[in-house]
Each structure stands twice: as C-alpha cells, then as structure tokens.
Amino acid sequence: MLKADLHIHTKYSLDCNTPLEQIISRCEEVGINCIAISDHGTIEGALKILDIAPFPVIVAEEILTTHGEIMGMFLKEGIPNGISVEETISRIRAQGGLVNIPHPFSTLRASALSSEILEELVEQIDLVEVFNARSILRRSSARAQIFARKYDIPAGAGSDAHTRSEIGNGYVEMPEFNGKEDFLNALTQGKVFGRRTNPLTHINSIWARLKSNLKIER
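Numbering-wise (our numbering), the sequence shown opens with residue 89 and increments by one.
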C-alpha cells in the first residue's frame, strides 16, 4: 500500500524554501512513499525530484486561474498562471493530465474556486482534495467530502506542505498504481488520513514569499 501525500511544494514555489533532498528525507522519516509535487506556476521542481526520489512522484502544478486555483496532475509541460479556468483545463487535458481541485470550499483562501464555479465544472473534475492540512476550518473538508460523494468524484488529500515538517500531515492510503487511469481507480479504494497544520506555520510561507519578491526586485 502507498501513503500518498498529493500536495507538496518545493523551493521552486515562491512561498516555499524546502530543498528537494529535504522533502525526500522527510517522506522517508514519516513513511510517505508517494507524492505529488504541485508548485505554484511551475513543474520544474517536480521534474527534478522525479529523477532522484526512490518512490513514485506525480508531476503536478497548482495553477492560479482568473477565478482561483486548479491543480493539474500527470503533467509533461508547465501551464502559465493568469489564464481562464476553461483554458487551464483545456491545457491539462491536451497533455493527458488530470484535473484536481485543491482546497475547495476553503472560504478563508482568496485562491479557492467558488462553489458556483465548482458546480459548473463538475463534469470536468477528475478528483477533489477532500482534506488539505492547511485549511483552517473543518467545515471546508466536510463540504468537500459531501461534494465528492454527491458527484461520485475520487477523493484526494495532501499536506499542502510549504515546510519540511508539514509533509505527511495529509495523505491517502491507497493501492499501488500504474499511470493516471490506474491512479484514479486506486484512489477510489483509498482512505484519507490527516491532521491540521498549526496556522502559525503560514508565517513561514509569508516570509519565503517576501524573500522571493526581494530577490526579484533586485
């Protein structure tokens, strides 16, 4: 069985400083043996860790559309931020990827898609993140679980880790899989586990983003 943390960030995200080697070592410490690297606006880190990790890595990306974030999974090419929801999904599909909705119904996040848009997109969604360890309100997870059950959409989970210590705070225990179609089948047999990350951890992300912005300005 796999313990799959399906939402992890690396130093290639502007709001994260975690080196790839530290992600691998932390996974080995806590028993995570499958990950999705989903940096903001890039797959560079995911492609690099794919070559060095001793366990399965899903190349993913958290893409900020004009209406909120969508995660593409099993990607071969990066997708730019700032385009429409429809264009983002089209680009994910064009390269054979899966459409995942990260942190749905998370009302405290400006980057979360609205419930109205989720209802409009329901036929195009491959999986829904029903547990995100960084979502502060429990009702966000409850609403996501209800949504996934209502429309019979496979349920995913992840730590949304932006620091080393967060890895493994959310994961799915699921059978091994081979490729994206088998992944969805395995996910339907999975069980979600998780514990919420201390909200103070978000300070690390804010500080990392500030440092990244300072580097860009220079």
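Backbone N, C-alpha and C fix where the C-beta goes; we use that ideal spot for every residue, glycine too.
Residue i classed as buried or exposed, judged by whether at least 16 other C-beta atoms fall within 10 angstroms
i	result
D103	buried
L302	Its pLDDT being 44, under 50, L302 is placed unreliably by the model, and the measurement read from it follows with that caveat. When all chains shown are included, L302 counts as exposed.
I234	exposed
I158	buried
I255	buried
Y239	exposed
I304	Low confidence applies here, because I304 scores a pLDDT of 44, under 50, leaving its location unreliable; read the following figure in that light. Under this definition I304 is an exposed residue.
P142	exposed
I140	exposed
M89	exposed
L196	exposed
G156	buried
N266	exposed
E207	exposed
D127	buried
E264	exposed
E149	buried
R222	buried
Residues sharing a beta bridge with residue i, DSSP
i	result
N105	BP columns for N105 are empty, so no partner.
E217	G244
Inter-residue CB distance, residue i and residue j (contact presumed, cutoff 8 Å)
i	j	result
R284	Q110	R284 to Q110, Cβ: 22 Å. No contact.
I131	G185	So it is not a contact: roughly 10 Å between Cβ atoms.
H191	A200	5 Å
K136	Y259	The Cβ separation is near 22 Å, so there is no contact.
L138	G246	Not a contact, Cβ separation roughly 17 Å.
A243	L225	The Cβ separation is near 18 Å, so there is no contact.
G133	K99	7 Å
V280	F219	5 Å
G129	N188	At roughly 16 Å, the Cβ-Cβ gap does not stay under 8 Å, so G129 and N188 are not in contact.
Coarse secondary structure for residue i, derived from DSSP in three states
i	result
N273	helix
F281	strand
G267	coil
L186	strand
L94	strand
S203	helix
E254	helix
S65	Given a span of 89 to 306 for the chain in the structure shown, any question on residue 65 remains unanswerable.
Boundaries (first-last residue) of the alpha helix (DSSP H) holding residue i
i	result
D139	132 to 140
S178	173 to 182
Where the beta strand (DSSP E) containing residue i begins and where it ends
i	result
E149	145 to 153
F235	Element bounds for F235: not the beta strand (DSSP E) but the alpha helix (DSSP H), 226 to 238.
I158	156 to 161
K259	First, the residue type needs correcting, since residue 259 is Tyr and not Lys in the sequence shown. Y259 -> beta strand (DSSP E) spans 258 to 262.
L196	Careful: L196 lies outside any beta strand (DSSP E) and carries neither H nor E.
G244	243 to 246
E211	Unbroken run through E211: none, as it is neither H nor E.
I120	I120 -> no beta strand (DSSP E), and no H or E assigned at all.
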